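Peer 1:
There are 2 protein chains.
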Amino acid sequence: MNAEIIAVGSELLLGQITNTNAQFLSHHLAEIGINVYYHTVVGDNHKRLIEVVKEAEKRADLLIFTGGLGPTKDDLTKEAIAEHIGNELEYNEVALKSIEAYFAKVNRTMTENNKKQALVMSGSKVLPNDHGMAPGMLLKANNKQYMLLPGPPKEMQPMFLTYGKNELIQLLEKVERIESRVLRFFGIGESALEVEVEDLLLNQQNPTIAPLAGDGEVTLRITAKHESEEVALQMIQEVEDEILRRVGQYFYGYDQTTIAEELAELLKERNLSIAVAESLTGGLFQSELTAVKGVSAIFKGGIVCYSNDAKKQLVKVKKETIDTYGAVSEQCALELAENTRAIFDSDFSLSFTGVAGPDEMDGQAPGTVWIGLAERFQKTKAYKLNLVGSRAGVRKRSVKYGCHYLLHALNQNE
Amino acid sequence: MNAEIIAVGSELLLGQITNTNAQFLSHHLAEIGINVYYHTVVGDNHKRLIEVVKEAEKRADLLIFTGGLGPTKDDLTKEAIAEHIGNELEYNEVALKSIEAYFAKVNRTMTENNKKQALVMSGSKVLPNDHGMAPGMLLKANNKQYMLLPGPPKEMQPMFLTYGKNELIQLLEKVERIESRVLRFFGIGESALEVEVEDLLLNQQNPTIAPLAGDGEVTLRITAKHESEEVALQMIQEVEDEILRRVGQYFYGYDQTTIAEELAELLKERNLSIAVAESLTGGLFQSELTAVKGVSAIFKGGIVCYSNDAKKQLVKVKKETIDTYGAVSEQCALELAENTRAIFDSDFSLSFTGVAGPDEMDGQAPGTVWIGLAERFQKTKAYKLNLVGSRAGVRKRSVKYGCHYLLHALNQNE
Numbered sequence: 001m002n003a004e005i006i007a008v009g010s011e012l013l014l015g016q017i018t019n020t021n022a023q024f025l026s027h028h029l030a031e032i033g034i035n036v037y038y039h040t041v042v043g044d045n046h047k048r049l050i051e052v053v054k055e056a057e058k059r060a061d062l063l064i065f066t067g068g069l070g071p072t073k074d075d076l077t078k079e080a081i082a083e084h085i086g087n088e089l090e091y092n093e094v095a096l097k098s099i100e101a102y103f104a105k106v107n108r109t110m111t112e113n114n115k116k117q118a119l120v121m122s123g124s125k126v127l128p129n130d131h132g133m134a135p136g137m138l139l140k141a142n143n144k145q146y147m148l149l150p151g152p153p154k155e156m157q158p159m160f161l162t163y164g165k166n167e168l169i170q171l172l173e174k175v176e177r178i179e180s181r182v183l184r185f186f187g188i189g190e191s192a193l194e195v196e197v198e199d200l201l202l203n204q205q206n207p208t209i210a211p212l213a214g215d216g217e218v219t220l221r222i223t224a225k226h227e228s229e230e231v232a233l234q235m236i237q238e239v240e241d242e243i244l245r246r247v248g249q250y251f252y253g254y255d256q257t258t259i260a261e262e263l264a265e266l267l268k269e270r271n272l273s274i275a276v277a278e279s280l281t282g283g284l285f286q287s288e289l290t291a292v293k294g295v296s297a298i299f300k301g302g303i304v305c306y307s308n309d310a311k312k313q314l315v316k317v318k319k320e321t322i323d324t325y326g327a328v329s330e331q332c333a334l335e336l337a338e339n340t341r342a343i344f345d346s347d348f349s350l351s352f353t354g355v356a357g358p359d360e361m362d363g364q365a366p367g368t369v370w371i372g373l374a375e376r377f378q379k380t381k382a383y384k385l386n387l388v389g390s391r392a393g394v395r396k397r398s399v400k401y402g403c404h405y406l407l408h409a410l411n412q413n414e
Numbered sequence: 001m002n003a004e005i006i007a008v009g010s011e012l013l014l015g016q017i018t019n020t021n022a023q024f025l026s027h028h029l030a031e032i033g034i035n036v037y038y039h040t041v042v043g044d045n046h047k048r049l050i051e052v053v054k055e056a057e058k059r060a061d062l063l064i065f066t067g068g069l070g071p072t073k074d075d076l077t078k079e080a081i082a083e084h085i086g087n088e089l090e091y092n093e094v095a096l097k098s099i100e101a102y103f104a105k106v107n108r109t110m111t112e113n114n115k116k117q118a119l120v121m122s123g124s125k126v127l128p129n130d131h132g133m134a135p136g137m138l139l140k141a142n143n144k145q146y147m148l149l150p151g152p153p154k155e156m157q158p159m160f161l162t163y164g165k166n167e168l169i170q171l172l173e174k175v176e177r178i179e180s181r182v183l184r185f186f187g188i189g190e191s192a193l194e195v196e197v198e199d200l201l202l203n204q205q206n207p208t209i210a211p212l213a214g215d216g217e218v219t220l221r222i223t224a225k226h227e228s229e230e231v232a233l234q235m236i237q238e239v240e241d242e243i244l245r246r247v248g249q250y251f252y253g254y255d256q257t258t259i260a261e262e263l264a265e266l267l268k269e270r271n272l273s274i275a276v277a278e279s280l281t282g283g284l285f286q287s288e289l290t291a292v293k294g295v296s297a298i299f300k301g302g303i304v305c306y307s308n309d310a311k312k313q314l315v316k317v318k319k320e321t322i323d324t325y326g327a328v329s330e331q332c333a334l335e336l337a338e339n340t341r342a343i344f345d346s347d348f349s350l351s352f353t354g355v356a357g358p359d360e361m362d363g364q365a366p367g368t369v370w371i372g373l374a375e376r377f378q379k380t381k382a383y384k385l386n387l388v389g390s391r392a393g394v395r396k397r398s399v400k401y402g403c404h405y406l407l408h409a410l411n412q413n414e
């Protein structure tokens with residue numbers, strides 16, 4: 001079964017809101033094996049809506065509409081579709097009662113235009129709206145399925161999950177499960193990663209493998225279709241094993257995780273403590289680490305030594321070091337890391353010093369970054385980066401590199 | 001001129017990402033008076049993309065594409081369109097050099113597939129990519145305009161604002177200017193603010209006033225239409241003056257600014273220095289402050305005293321204070337702020353201590369937060385918050401309240 005998702009609303013075309021409904025529905029349709037080949041957005045305009053519907057009927061079996069079910073004159077989705085397929089609108093008693101109850105509850109007088117929301121297409125299966133007034137509906141006509149859902153995500157999402165999705169599952173002859181898993185990589189570019197797995201990408205069918213890059217990371221989404229969930233997961237596992245055999249050293253986690261979260265979890269698991277000195281990143285590493293619940297068990301604290309005075313006074317970096325090599329130097333990164341570890345008596349420490357940009361500093365280009373890594377029983381190391389991008393991008397990627405180096409050290413110590 | 005925005009990418013149809021590009025472009029096209037009647041999303045599929053293009057050519061003068069300009073085999077937008085309109089792809093020397101320079105700078109080997117990104121449609125105006133590798137392009141063919149932009153918003157947005165938008169303005173005969181300005185408020189709820197400006201909201205036509213709430217803030221967007229930019233701006237100014245006369249004490253800035261940025265700019269302007277001690281916010285305040293360029297002039301540094309040991313050892317909070325009152329207390333917030341100001345010898349300091357959640361701490365509910373504010377010549381103050389929401393929300397709003405209190409103190413000292 002192929003679906004097209006059609007959002008109706010001029011506010012989308014004016015750029016006032018984002019069409020998050022299309023993402024939500026696509027994700028859940030993929031899960032039950034319904035292919036989505038198109039999203040369309042059209043305004044609150046009768047003629048243009050009908051043209052879009054006609055086009056969609058040529059290329060999809062299931063048309064899912066969001067928006068245009070409300071009380072105002074702008075809201076015309078069900079009116080237009082009913083006219084197009086030659087259907088009548090009729091009042092739904094349950095919906096009418098629930099709209100009246102709603103107004104009683106909020107102690108407001110129900111204006112007449114609100115009754116319009118209780119009109120549904122004759123013969124349709126009504127989808128109750130537990131978080132608003134306008135009900136949804138599902139109707140079969142001309143060998144197509146038409147599902148109408150309200151526009152506000154707060155109403156649409158629970159309606160689809162509670163009622164709509166099950167209705168669709170019942171329409172499917174056989175439910176083909178679509179399982180997917182995202183592998184996240186850091187420290188390798190998109191094209192370099194692709195070269196490593198090129199044969200897999202070329203021969204993919206089921207599972208499919210889709211690369212995506214952003215914010216200095218690359219992800220590979222592996223998606224498998226099968227009637228049996230177990231078999232689908234096994235198919236994914238085999239592809240994952242092969243990918244990790246090749247580029248496993250850059251892999252850090254699955255799905256929606258972040259590299260800072262993986263680091264925090266590993267430190268918690270091994271009960272190893274960390275302290276941090278941040279200059280160019282200005283607290284960003286620590287704020288990402290402390291976004292993870294329960295991190296107080298392993299995070300001893302840190303110093304944001306943005307000024308050279310703070311580096312000297314609080315982190316005891318030698319004046320000669322800064323005078324001779326500058327604050328953005330291997331020597332400074334090493335001292336920052338080593339002294340921070342000693343001050344907090346932690347198992348590990350990281351230090352970040354560099355030029356976030358947009359301007360040069362001490363003759364060094366924006367994106368020049370040194371990261372120090374101290375361990376209790378090891379020689380302190382420092383890594384140099386030459387990053388490209390905005391101030392925010394340089395700071396974000398510096399934080400990720402810090403996580404990457406420490407994760408690497410932890411995995412070597414295993 | 002009518003436009004259709006076509007996003008190309010299977011990741012959109014699988015629901016992995018939201019099509020924020022369509023919103024961004026729609027908003028900016030509306031500003032220059034270009035009507036957008038449709039958004040379309042199609043996958044990385046040559047045949048279906050061409051069908052979408054043919055359909056769009058029937059109903060729009062300008063086709064704007066996002067996505068599919070990257071180095072991988074999935075990326076087929078320009079190849080498909082060039083074939084469709086009978087155009088040739090050719091290497092763009094500037095783009096090729098900039099891709100080579102990028103790889104040289106990040107010290108990575110350029111794989112052959114990256115060269116593909118420098119291919120542009122013959123005769124097109126090239127739009128440089130200042131934040132990535134694949135250039136955009138604008139081409140006139142068959143009496144239609146085709147604009148191709150990269151998919152990642154970080155690349156697409158600056159490319160459109162810096163180059164694409166101006167190219168479009170030059171194509172327009174008469175521009176009806178749509179100007180808009182966002183006023184940002186903190187410390188007042190959406191409905192409370194709405195009550196204050198209710199009559200303005202009810203009578204709005206041109207300019208329009210649109211309230212929006214989120215992340216503990218409220219914004220009012222004022223939008224005016226007029227052929228003359230000057231008149232449109234004057235119309236906005238009059239509405240703004242009236243709004244600020246009523247709720248000016250909660251106003252902190254315009255458009256895309258943040259309250260942390262406004263604070264940083266004011267401190268820079270007055271040359272007043274700040275230092276920070278963060279417990280529950282874990283570096284978030286400092287990372288937002290240091291996101292602002294040039295903040296090193298006034299930010300002396302800070303301590304992330306996540307553990308009680310760090311509060312005692314590094315910020316010299318008395319053991320008795322923590323034993324008697326706990327770390328989440330007025331007394332602890334006051335000592336943290338006062339000692340931090342003294343350690344860094346700054347004009348101001350802020351301290352944050354509280355329970356980010358999701359669990360209770362020391363018998364205190366999640367969302368219980370104390371913020372200390374020390375000034376060089378004033379008595380140190382502390383403010384208590386009882387925030388509701390997720391761990392991330394509590395941390396974010398704590399940071400905003402810290403900015404709010406200090407901005408307020410600065411404005412009183414004026």
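Protein sequence lines, in the order shown, are assigned to chains U and D. Just so we're aligned: the first sequence equals residues 1 to 414 in the UniProt record's numbering. Just so we're aligned: the second sequence equals residues 1 to 414 in the UniProt record's numbering. Note that the Cβ used here is the ideal one computed from N, Cα and C, for glycine as well. Keep in mind the model is a prediction, meaning the values are calculated, not measured.
Rounding to the nearest angstrom, what Cα-Cα distance links residue 28(U) and residue 199(D) in this structure?
Peer 2: Cα to Cα, the separation comes out at about 43 Å.
Peer 1: Give me the DSSP bridge partner(s) of residue 35(U).
Peer 2: The partner list for residue 35(U) (beta bridge, DSSP) reads 2(U).
Peer 1: For residue 270(D), which of helix, strand or coil comes out of DSSP?
Peer 2: Looking at residue 270(D) - three-state DSSP - the assignment turns out to be helix.
Peer 1: What does DSSP give as the partner residues of residue 80(U) in its beta bridges?
Peer 2: DSSP, once it has assigned bridges, lists no residue as partnering residue 80(U).
Peer 1: Does chain D have any CB closer than 8 Å to the CB of residue 287(U)?
Peer 2: With 8 Å as the cut-off, residue 287(U) counts as an interface residue toward chain D.
Peer 1: Beta-carbon within less than 7 Å of residue 180(U)'s beta-carbon, same chain only, minus the 5 sequence neighbours each way: which residues are those?
Peer 2: Excluding sequence neighbours, residue 180(U) sits near 221, 222 and 223.
Peer 1: Say whether chain A places a C-beta atom closer than 8 Å to the C-beta of residue 271(D).
Peer 2: You won't find chain A in this structure, because its protein chains are U and D.
Peer 1: Does the distance from the C-beta atom of residue 373(U) to that of residue 409(U) stay below 8 Å?
Peer 2: Cβ distance < 8 Å, so residue 373(U) and residue 409(U) count as in contact.
Peer 1: Compute the distance between the beta-carbons of residue 177(U) and residue 225(U), then report whether it is under 8 Å.
Peer 2: It is a contact, given that the beta carbons lie within the stated cut-off.
Peer 1: Residue 106(D) touches chain U at which residues, Cβ-Cβ below 7 Å?
Peer 2: Here the neighbours are 386 and 388.
Peer 1: Should residue 152(D) be flagged as near chain U, meaning a C-beta pair shorter than 8 Å?
Peer 2: Judged by the 8 Å Cβ criterion, residue 152(D) is in contact with chain U.
Peer 1: Are the C-beta atoms of residue 16(D) and some chain U residue less than 8 Å apart?
Peer 2: Yes, because at least one Cβ of chain U sits closer than 8 Å to the Cβ of residue 16(D).
Peer 1: How about the region 87-105 of chain D and the region 187-197 of chain D: do they share at least three Cβ pairs that are nearer than 8 Å?
Peer 2: Contact between the region 87-105 of chain D and the region 187-197 of chain D is absent, because fewer than three Cβ pairs lie under 8 Å.
Peer 1: Can you name, in chain order, every residue of its own chain whose Cβ lies under 8 Å from the Cβ of residue 56(D), other than the five neighbours on each side?
Peer 2: Only 4, 6, 38, 40 and 63 meet the Cβ criterion.
Peer 1: Note down, in chain order, every chain U residue with its Cβ under 7 Å from the Cβ of residue 111(D).
Peer 2: Correct list: 191, 192 and 195.
Peer 1: Extract the residue ranges of the beta strand (DSSP E) inside the region 237-281 of chain D, only unbroken runs of 3 or more that lie entirely within it.
Peer 2: Complete beta strand (DSSP E) runs here, min 3: 251-254 and 274-278.
Peer 1: When we look at the beta-carbon of residue 212(D) and count the other beta-carbons within 10 Å, is it buried (16 or more) or exposed?
Peer 2: Residue 212(D) should be labelled exposed.
Peer 1: Which of the residues in the region 41-71 of chain D, read from start to end, lie with their CB under 7 Å from any CB of chain U?
Peer 2: Taking 7 Å as the Cβ-Cβ cut-off against chain U, the residues of the region 41-71 of chain D that qualify are 41, 42, 43, 48, 55 and 71.
Peer 1: Given that a residue counts as buried once 16 or more other Cβ atoms are within 10 Å of its Cβ, and exposed if not, what is residue 86(D)?
Peer 2: Burial call: exposed.
Peer 1: Start and end of the beta strand (DSSP E) containing residue 180(D)?
Peer 2: Run containing residue 180(D): 177-186, per the beta strand (DSSP E) assignment.
Peer 1: Compile a chain-ordered list of the residues in the region 121-148 of chain U whose CB is closer than 9 Å to at least one CB of chain D.
Peer 2: Flagged: no residues at all.
Peer 1: Pull up the DSSP beta-bridge partners for residue 121(U), would you.
Peer 2: Answer is 89(U).
Peer 1: Determine the direct distance from the alpha carbon of residue 118(D) to that of residue 424(D), and round the result to whole angstroms.
Peer 2: Within the shown structure, residues of chain D are numbered from 1 to 414, placing residue 424(D) beyond reach of any answer.
Peer 1: For residue 343(D), which of 229(D), 263(D), 316(D) and 194(D) has the nearest alpha-carbon?
Peer 2: The shortest C-alpha separation from residue 343(D) is found at 316(D).
Peer 1: By the DSSP assignment, the alpha helix (DSSP H) with residue 324(D) in it spans what residues?
Peer 2: Here the alpha helix (DSSP H) through residue 324(D) covers 319-325.
Peer 1: Apart from the five residues on each side of it in sequence, which residues of its chain come closer than 8 Å, Cβ to Cβ, to residue 99(U)?
Peer 2: Hits under 8 Å: 110, 114, 115, 117, 118 and 133.
Peer 1: Residue 350(D) and residue 380(D): beta carbons closer than 8 Å?
Peer 2: No, Cβ-Cβ distance for residue 350(D) and residue 380(D) is not below 8 Å.
Peer 1: Could you name each continuous beta strand (DSSP E) segment of 3 residues or more that falls completely within the region 337-373 of chain U, going from the start of the chain to the end?
Peer 2: Correct list: 348-354.
Peer 1: I want to see whether chain D comes within less than 8 Å of residue 24(U), judged by CB atoms only; does it?
Peer 2: Chain D, which has a Cβ nearer than 8 Å to the Cβ of residue 24(U), makes this yes.
Peer 1: Residue 299(U) touches chain D at which residues, Cβ-Cβ below 9 Å?
Peer 2: Result: 282, 304, 306 and 307.
Peer 1: If you count every other CB in all the chains shown that lies within 10 Å of the CB of residue 360(U), and 16 or more means buried, which is it?
Peer 2: Exposed: under 16 other Cβ atoms inside 10 Å.
Peer 1: So residue 405(U) is in the alpha helix (DSSP H); what residue range does that whole segment cover?
Peer 2: 391-412 is the span of the alpha helix (DSSP H), which, as asked, contains residue 405(U).
Peer 1: With the cut-off set at 8 Å, would you say residue 244(U) and residue 160(U) are in Cβ contact?
Peer 2: Contact: no.
Peer 1: Determine whether the Cβ of residue 254(U) lies closer than 8 Å to any Cβ atom of chain D.
Peer 2: So, not an interface residue.
Peer 1: Nearest by alpha-carbon distance to residue 167(D): which of 208(D), 125(D), 183(D) and 206(D) is it?
Peer 2: For residue 167(D), the nearest C-alpha among the options comes from 125(D).
Peer 1: If you pair each beta-carbon of the region 264-278 of chain D with each one of the region 239-256 of chain U, do three or more pairs fall below 8 Å?
Peer 2: Judged by Cβ distances under 8 Å, the region 264-278 of chain D makes no contact with the region 239-256 of chain U, as fewer than three pairs qualify.
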